[in-house]
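Report on the structure given below.
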Amino acid sequence: STSLQETVPKRRVAIIGGGLVGALTVLYFAKRGWQVSLFELREDLRVPENKKNLSHRSINLALSARGLSALKNITLGLDEKILEHVIHMKGRMIHLGEGKLKSHPYGVFGECIYSVEREILLELLLNTAAKSTNVKMYFQHQLKRCNFDDGTLELENKKTGNPFQDSADLIIGADGAFSVVRTQLMRVVRMDYSQEYISHAYLELTIPPRVNDKGEKEFAMDPNHLHIWPRHSFMMIALPNRNKSFTCTLFMPFENFDAIRTEDDLMEFFRKYYVDSIPLIGEDQLKKEYFRNPRGSLMSIKCKPYHYKDRAVIIGDAAHCMVPFFGQGMNCGFQDVEILNGIFDEYEISSVQSNDKLALALEEFTKIRHPDAITICDLAMYNYIEMRSNVVKPWFLLRKRIEETLYWLFPTGSIVPLYTMVSFSTIRYSEAVQRWKRQGFLLNVIGMSLLTAGTAASIYIGYYRFRRV
Ligand code: FAD
Numbered sequence: 071s072t073s074l075q076e077t078v079p080k081r082r083v084a085i086i087g088g089g090l091v092g093a094l095t096v097l098y099f100a101k102r103g104w105q106v107s108l109f110e111l112r113e114d115l116r117v118p119e120n121k122k123n124l125s126h127r128s129i130n131l132a133l134s135a136r137g138l139s140a141l142k143n144i145t146l147g148l149d150e151k152i153l154e155h156v157i158h159m160k161g162r163m164i165h166l167g168e169g170k171l172k173s174h175p176y177g178v179f180g181e182c183i184y185s186v187e188r189e190i191l192l193e194l195l196l197n198t199a200a201k202s203t204n205v206k207m208y209f210q211h212q213l214k215r216c217n218f219d220d221g222t223l224e225l226e227n228k229k230t231g232n233p234f235q236d237s238a239d240l241i242i243g244a245d246g247a248f249s250v251v252r253t254q255l256m257r258v259v260r261m262d263y264s265q266e267y268i269s270h271a272y273l274e275l276t277i278p279p280r281v282n283d284k285g286e287k288e289f290a291m292d293p294n295h296l297h298i299w300p301r302h303s304f305m306m307i308a309l310p311n312r313n314k315s316f317t318c319t320l321f322m323p324f325e326n327f328d329a330i331r332t333e334d335d336l337m338e339f340f341r342k343y344y345v346d347s348i349p350l351i352g353e354d355q356l357k358k359e360y361f362r363n364p365r366g367s368l369m370s371i372k373c374k375p376y377h378y379k380d381r382a383v384i385i386g387d388a389a390h391c392m393v394p395f396f397g398q399g400m401n402c403g404f405q406d407v408e409i410l411n412g413i414f415d416e417y418e419i420s421s422v423q424s425n426d427k428l429a430l431a432l433e434e435f436t437k438i439r440h441p442d443a444i445t446i447c448d449l450a451m452y453n454y455i456e457m458r459s460n461v462v463k464p465w466f467l468l469r470k471r472i473e474e475t476l477y478w479l480f481p482t483g484s485i486v487p488l489y490t491m492v493s494f495s496t497i498r499y500s501e502a503v504q505r506w507k508r509q510g511f512l513l514n515v516i517g518m519s520l521l522t523a524g525t526a527a528s529i530y531i532g533y534y535r536f537r538r539v
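The numbering of the sequence shown is our numbering, which starts it at 71 and goes up by one.
This is the structure:
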């Protein structure tokens with residue numbers, strides 16, 4: 071039977087998009103024994119001279135439990151290899167203004183998230199994929215259109231400008247927010263689709279390493295925190311890099327960006343809102359980077375279904391693009407791949423064309439994943455307000471403190487902080503939010519009781535003292 075297995079042609083999967091999610095998908099399908107072709111529009115970033123052409127999209131990212139779980143399940147030790155390249159962030163460091171700092175740990179048991187550079191992570195995934203004999207990777211190949219029913223793909227070789235044709239049994243769209251595979255799916259399925267731009271744009275700046283007395287490079291701020299400068303209607307954050315620099319991201323409405331026209335405007339703005347960051351970034355570098363670096367827009371995309379018969383499926387940002395304020399876009403995309411793989415196991419989808427359950431498996435993926443994707447898109451939007459504004463409000467902080475204390479006292483109890491459920495566990499996003507809503511009522515009651523008791527005690531003490539005077 072082994073020789074029979076070897077002669078039966080393997081199923082072919084075409085993965086469109088070699089970003090983080092597409093690259094991980096390659097690994098999963100290579101492991102399942104499929105014939106994998108990856109088509110990526112951009113150049114191969116593993117080639118040194120291509121590095122200068124890299125797009126400017128978020129230099130580093132926060133990796134957490136969901137992403138790590140998907141990495142762990144694919145190749146023995148891949149997660150550990152990646153963990154060698156990360157920096158632990160154990161909490162948020164709030165920059166309150168006038169140089170005042172406040173640390174808020176992420177987890178009560180010392181849990182942390184990890185800052186990882188996009189380029190390093192992608193390179194590791196692509197290098198691992200290149201080791202498989204059943205993987206072919208085509209860079210500078212752009213998908214133009216496809217016919218799902220006969221599996222044909224029409225691409226353009228961007229290097230030569232020539233058309234390129236291929237075909238596959240299954241087409242996976244991991245081609246990001248502006249997915250061509252999704253647009254093609256819309257022609258053959260009744261897809262519900264919504265897209266929302268937020269008013270904020272983002273721009274990246276750098277805090278370079280500081281040189282100490284011994285001439286060694288060191289971090290200019292505490293590297294084991296995600297730094298936040300919350301300023302209500304806008305904010306800046308900074309994540310550490312392995313070369314001891316930080317990448318700052320300034321999030322602000324487009325009109326605020328537009329209002330800063332000159333270097334003087336910029337310095338006046340920074341002196342007003344981010345004064346402690348000026349010596350860290352350096353005035354000259356701030357002026358250079360602010361006017362040179364691109365501004366990115368941010369949006370949220372929801373759609374359904376994600377699949378077409380046994381022919382196509384979309385994952386990652388192509389299926390659910392979210393604003394970056396929960397640090398979950400990539401993590402959620404990685405979890406898509408792990409879940410899709412789990413469903414393939416459950417439906418016993420093999421690498422040879424011997425069964426007919428693939429359509430059911432893809433349908434199951436939409437059914438399982440859609441409620442969770444919608445939930446995290448909404449949560450990311452909610453965190454957009456929490457990060458820039460709520461983190462300095464007394465009521466928010468009191469509730470958070472009660473929540474954390476209860477979780478610390480009763481770790482297996484019914485109260486688990488939302489952040490813990492989203493970032494340090496792999497439970498379904500939809501289940502996390504249901505639990506969070508249930509416990510929210512209880513936290514409000516406890517918070518109000520504490521406030522009432524505190525107020526009553528202050529009045530009583532005040533009155534008692536007053537009488538004695
Ligand atoms: P992409 O990364 O967009 O990759 C899609 C790929 O497809 C690209 O390489 C593109 O060139 C290719 N492609 C597109 N069209 C075609 C075509 N027609 N043919 C061939 N190839 C094509 N997530 C986190 O988990 N943590 C964070 O901390 C975090 N921070 C973020 C900060 C910012 C400012 C932003 C904007 C996003 C952040 N994210 C974060 C989200 C994360 O970047 C995305 O969710 C993730 O990159 C999605 O990966 P993807 O592979 O689905 O899509």
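For glycine and all other residues, C-beta sits at the position ideal for the given N, C-alpha and C.
Exposure label - residue i; buried when at least 16 CB within 10 Å
i: Ala200; result: exposed
i: Gly88; result: buried
i: Glu187; result: buried
i: Tyr267; result: exposed
i: Ile277; result: buried
i: Lys470; result: buried
i: Glu150; result: exposed
i: Gln254; result: buried
i: Arg215; result: exposed
i: Ala329; result: exposed
i: Gly92; result: buried
i: Thr475; result: exposed
i: Asn387; result: Correcting the residue type first, residue 387 is Asp in the shown sequence and not Asn. Buried, since its Cβ has 16 or more Cβ neighbours within 10 Å.
i: Ala135; result: buried
i: Gln423; result: exposed
i: Asp406; result: buried
i: Leu146; result: exposed
i: Arg252; result: buried
i: Arg362; result: exposed
i: Ser315; result: buried
i: Ile144; result: buried
Contacting residues, own chain, Cβ-Cβ under 8 angstroms from residue i (five flanking each side not counted)
i: Ser528; result: none
i: Leu468; result: Gly517, Leu520, Leu521
i: Asn311; result: Ile129, Asn130, Ile157, Ser185, Glu187, Thr317
Heavy atom of the ligand FAD within 7 angstroms of residue i beta-carbon
i: Ile86; result: yes
i: Asp387; result: yes
i: Gly397; result: yes
i: Ser420; result: no
i: Phe234; result: no
i: Glu113; result: no
i: Asn204; result: no
i: Tyr272; result: yes
i: Pro394; result: yes
i: Val194; result: Contrary to the premise, residue 194 reads as Leu rather than Val in this sequence. Leu194 Cβ: outside cutoff for every heavy atom of the ligand FAD.
i: Gly137; result: yes
i: Gly89; result: yes
i: Ala244; result: yes
i: Val250; result: yes
i: Phe109; result: yes
i: Met400; result: yes
i: Gly180; result: no
i: Ser128; result: yes
i: His174; result: no
i: His211; result: yes
i: Thr319; result: yes
i: Ala140; result: no
i: Ala238; result: no
i: Gly231; result: no
Chain C within 8 angstroms of residue i, Cβ atoms only
i: Ala450; result: As a matter of chain content, chain C is missing from the structure shown, which is built from one protein chain.
Cβ-based neighbour list, residue i, same chain, cut-off 6 angstroms, excluding 5 preceding and 5 following
i: Ile348; result: Phe340
i: Tyr343; result: Arg301
i: Lys427; result: Tyr417
i: Ile413; result: Ala431, Glu434, Phe435
i: Arg505; result: none
i: Lys374; result: Asp262, His440
Beta-carbon separation (whole angstroms), residue i vs residue j, contact threshold 8 angstroms
i: Ala244; j: Arg365; result: In fact, because the Cβ distance is near 25 angstroms, the residues do not count as touching under 8 angstroms.
i: Leu432; j: Asp354; result: That pair is no contact at about 54 angstroms.
i: Arg458; j: Met305; result: 4 angstroms
i: Ser25; j: Ile183; result: Beyond the ends of the chain as shown, which are 71 and 539, falls residue 25; an answer cannot be given.
i: Ala100; j: Asn197; result: With 8 angstroms as the limit, Ala100 and Asn197 do not qualify as a contact, their Cβ atoms being about 13 angstroms apart.
i: Tyr499; j: Leu449; result: 7 angstroms
Neighbourhood of residue i by C-beta, 7 angstroms cutoff - its chain only, sequence neighbours within 5 removed
i: Lys447; result: As written in the sequence, residue 447 is Cys, which differs from the Lys given in the question. Contacts found: Ser370, Lys372, His390, Met392.
i: Tyr378; result: Phe218, Leu255, Val258, Val259
i: Lys121; result: Leu115
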